[in-house]
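Colleague: In UniProt numbering, the protein residues as written are 1 to 359.
This is the structure I have questions about; it appears just below.
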Ligand SMILES: *Cc1c(COP(=O)(O)O)cnc(C)c1O
């Protein structure tokens with residue numbers, strides 16, 4: 001029997017993608033980014049599958065605590081750091097390594113008395129203007145932290161790229177150059193590259209790389225052909241089954257609002273998945289789904305628990321048949337393009353209701 005809405009996570013794909021990144025960055029250590037429940041794939045599941053990663057990065061403290069409680073022993077960086085001494089102590093208790101990006105945090109480190117020093121990642125803002133110190137503040141902060149007894153020395157330096165997925169945007173070179181100038185003469189490990197950096201900008205590879213999306217087998221460049229040539233494998237397939245197939249006459253309006261109207265006698269399939277499962281409500285009619293491996297277009301609005309699909313050209317489609325929303329044969333990049341969003345959002349938007357199956 002085919003299950004209703006479920007996500008299949010392929011551990012071998014995760015391991016394979018890690019090897020691909022390893023081969024592209026032979027001189028770097030890999031910090032696998034597993035924030036947001038490992039981009040929806042399951043935080044602990046992914047960390048265990050990627051046991052060969054040198055470190056992990058999470059966004060927030062509680063994600064790191066979850067990994068520790070699950071027995072993950074690699075280094076874990078917390079990208080948002082901490083906002084209070086209390087939070088800093090919590091991080092230390094679980095041997096989590098905060099990113100230090102604000103003066104508020106520096107003052108906190110200077111005031112706190114710790115039984116042992118904390119390992120940090122110091123962040124420079126090289127042009128994204130989200131987290132990190134600007135160039136003027138960076139040098140004095142670096143000096144202050146080097147004299148701060150609460151901080152373990154040496155500590156690593158990092159920055160984040162704002163637009164590396166656009167391969168002809170000069171801002172990436174500017175950011176990289178800016179980072180290298182700020183780091184000039186500083187003895188420390190460095191980290192710049194996200195997935196787009198790893199795959200598209202060789203000079204962003206440093207002692208550490210921080211890929212997320214690529215490890216899940218998705219191209220940060222949107223085009224799915226580039227991914228085949230990079231040999232990454234999608235780690236998640238979102239699937240369900242047909243729960244009804246019916247014949248409709250020309251002129252019949254389908255779904256809420258009735259904005260999809262049969263232009264011919266139509267076989268309509270109804271699949272058990274909707275925005276309540278994380279399938280994007282904004283996916284328009286025409287967005288492809290796979291029925292028994294054959295493409296068929298979405299027909300009408302996405303409901304909470306169901307979608308309708310025009311299966312007129314899939315004559316063998318029947319109740320109970322498997323439906324793939326994304327995965328093998330239908331890259332999530334393509335679905336994201338139809339829904340006018342990015343694969344990141346689709347992956348981490350899969351909801352609690354969806355059953356996860358590991359293979
Ligand atoms: C999310 C994130 C990454 C990983 O980005 P991908 O595009 O998924 O590779 C790396 N570094 C930081 C600071 C991040 O927030």
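Ideal Cβ placement from N, Cα and C applies to all residues, glycine included.
Name the DSSP beta bridge partners of residue 236, please?
Modeller: In the DSSP output, where bridge partners are listed per residue, residue 236 has 9.
Colleague: In the DSSP assignment, what residue or residues form a beta bridge with residue 294?
Modeller: BP columns for residue 294 point to 291.
Colleague: Could you round the C-beta distance between residue 207 and residue 191 to whole angstroms and report it? I think they count as a contact, below 8 Å.
Modeller: Confirmed, Cβ separation roughly 7 Å.
Colleague: Would the segment 159-170 count as touching the segment 108-120 if we require 3 or more Cβ pairs under 8 Å?
Modeller: The segment 159-170, when compared against the segment 108-120, does not touch it at the 8 Å Cβ threshold.
Colleague: With residue 55 as the anchor, note down where its beta strand (DSSP E) starts and where it stops.
Modeller: Unbroken beta strand (DSSP E) run through residue 55: 55-58.
Colleague: Buried or exposed: where does residue 205 fall if 16 or more other Cβ atoms within 10 Å of its Cβ makes it buried?
Modeller: Residue 205 should be labelled buried.
Colleague: Measuring CA to CA, which of 161, 331, 308, 126 is closest to residue 216?
Modeller: Ranking 161, 331, 308, 126 by Cα distance to residue 216 puts 331 first.
Colleague: Pick out the complete beta strand (DSSP E) segments inside the segment 104-182, 3 residues or longer, and give them in chain order.
Modeller: 121-123, 156-158, all fully within the segment 104-182.
Colleague: Could you please give the first and the last residue of the uninterrupted alpha helix (DSSP H) stretch that includes residue 89?
Modeller: Unbroken alpha helix (DSSP H) run through residue 89: 85-93.
Colleague: Rounded to the nearest angstrom, how far is the Cβ of residue 339 from that of residue 283, given a contact under 8 Å?
Modeller: Right, their Cβ atoms sit about 4 Å apart.
Colleague: Along the chain, where does the alpha helix (DSSP H) containing residue 43 start, and where does it finish?
Modeller: Start and end: 43-49.
Colleague: Assign residue 68 to one of three DSSP states: helix, strand, or coil.
Modeller: Residue state, collapsed to three classes: helix.
Colleague: For the alpha helix (DSSP H) that contains residue 343, what are its first and last residues?
Modeller: 343-348 is the span of the alpha helix (DSSP H), which, as asked, contains residue 343.
Colleague: Would you check whether ligand 1 has a heavy atom nearer than 7 Å to the C-beta of residue 194?
Modeller: Correct: residue 194 has its Cβ closer than 7 Å to ligand 1.
Colleague: Of the choices 245, 33, 325, 14, whose alpha-carbon is the least far from that of residue 313?
Modeller: The shortest C-alpha separation from residue 313 is found at 245.
Colleague: Please identify the residue among 33, 45, 63 whose C-alpha is closest to the C-alpha of residue 55.
Modeller: Among 33, 45, 63, the Cα nearest to that of residue 55 belongs to 33.
Colleague: Select from 172, 325, 211 the residue whose C-alpha is nearest the C-alpha of residue 31.
Modeller: Of the candidates 172, 325, 211, the one whose C-alpha sits nearest the C-alpha of residue 31 is 211.
Colleague: Could you give the distance in angstroms between the alpha-carbon of residue 46 and the alpha-carbon of residue 123?
Modeller: Distance between the alpha carbons of residue 46 and residue 123 is about 26 Å.
Colleague: Kindly indicate which residue of 139, 237, 273, 304 has the alpha-carbon position closest to the one of residue 358.
Modeller: If we check each option's Cα against that of residue 358, 237 comes out closest.
Colleague: If you pair each beta-carbon of the segment 336-356 with each one of the segment 255-268, do three or more pairs fall below 8 Å?
Modeller: No contact exists between the segment 336-356 and the segment 255-268.
Colleague: When the Cα of residue 253 is compared with those of 268, 17, 149, 181, which residue comes out closest?
Modeller: Comparing Cα-Cα distances from residue 253 to each of 268, 17, 149, 181, the minimum goes to 268.
Colleague: Helix, strand or coil for residue 277? Go by DSSP, reduced to three states.
Modeller: Helix at residue 277.
Colleague: Sort 231, 318, 247, 151 by Cα distance to residue 23 and report the nearest one.
Modeller: Ranking the options by Cα distance to residue 23, first place goes to 231.
Colleague: Where does the unbroken beta strand (DSSP E) through residue 357 begin, and where does it stop?
Modeller: Taken as a continuous stretch (DSSP letters only), the beta strand (DSSP E) holding residue 357 covers 355-358.
Colleague: In chain order, what residues of the same chain lie with their CB nearer than 8 Å to the CB of residue 144, ignoring the 5 residues before and after it?
Modeller: Excluding positions up to five away in sequence, the list reads 106, 110.
Colleague: By a C-beta neighbour count over all protein chains shown, 10 Å radius and 16 as the cutoff for buried, is residue 86 buried or exposed?
Modeller: When all chains shown are included, residue 86 counts as exposed.
Colleague: For residue 70, which residues from the same chain have a beta carbon less than 6 Å from its beta carbon, with the 5 sequence-adjacent residues on both sides left out?
Modeller: Contacts found: 44.
Colleague: What number of angstroms, rounded off, separates the C-alpha of residue 162 from the C-alpha of residue 219?
Modeller: If you take the alpha carbons of residue 162 and residue 219, they lie about 16 Å apart.
Colleague: With the cut-off set at 8 Å, would you say residue 333 and residue 222 are in Cβ contact?
Modeller: Cβ atoms of residue 333 and residue 222: closer than 8 Å.
Colleague: Which term fits residue 129, buried or exposed, when burial requires 16 or more other beta carbons within 10 angstroms of its beta carbon?
Modeller: The residue in question, residue 129, is exposed, as its Cβ has fewer than 16 Cβ neighbours within 10 Å.
Colleague: Exposed or buried, which one is residue 35 when buried takes at least 16 other CB atoms within 10 Å?
Modeller: Answer is buried; the Cβ neighbour count reaches 16.
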